Amino acid sequence: MSTNNQNRQQDVAGKLPYIESKNLFGNARQVSILHEGETYTLSITSRGKLILTK
């Protein structure tokens, strides 16, 4: 892991709940998130980016 990523993890982990994407997605490319009665889809793109859609 690069130093930049390590620093980012330390910053985020110290202030917010921290969830590894591999723990959230497992082997899937998409997960559904229910928020206040609305369903959202969090997807991993072919380039490895995350997209949240309603």
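Numbering of the sequence shown is given in the working numbering, commencing with residue 33 and proceeding in unit increments.
Every residue gets a Cβ at the ideal spot worked out from N, C-alpha and C, and that includes glycine.
This structure is a prediction, so every number in the text was calculated from the model and none was measured.
CA-to-CA distance, Gly46 to Gln85, given in whole angstroms = In the sequence shown, the residue the question calls residue 85 occupies position 53. In the sequence shown, the residue the question calls residue 46 occupies position 14. The sequence given here places Thr at residue 85; Gln does not occur at that position. Near 27 Å, if we compare the C-alpha coordinates of Gly46 and Thr85.
ask   = Where DSSP assigns a beta bridge to Ser64, which residues make up the other side?
value = What you label residue 64 is simply residue 32 of the sequence shown in a count that begins at 1. Ser64 pairs with Thr73.
task = From the DSSP output, in three-state form, read off Leu56 for me.
result = As a working mapping, residue 56 is identified with position 24 in the sequence shown. Correct three-state label for Leu56: helix.
key: Residue range of the beta strand (DSSP E) that includes Leu82   = In the sequence shown, residue 82 corresponds to position 50, counting from 1. Taken as a continuous stretch (DSSP letters only), the beta strand (DSSP E) holding Leu82 covers 82-85.
query = Helix, strand or coil: which one does DSSP assign to Met33?
reply = Numbered from its first residue, the sequence shown carries residue 33 at position 1. With a pLDDT of only 49 at Met33, under 50, the local geometry of the prediction cannot be trusted, and the value read off the model is given with reservation. Note: Met33 maps to coil in three-state DSSP.
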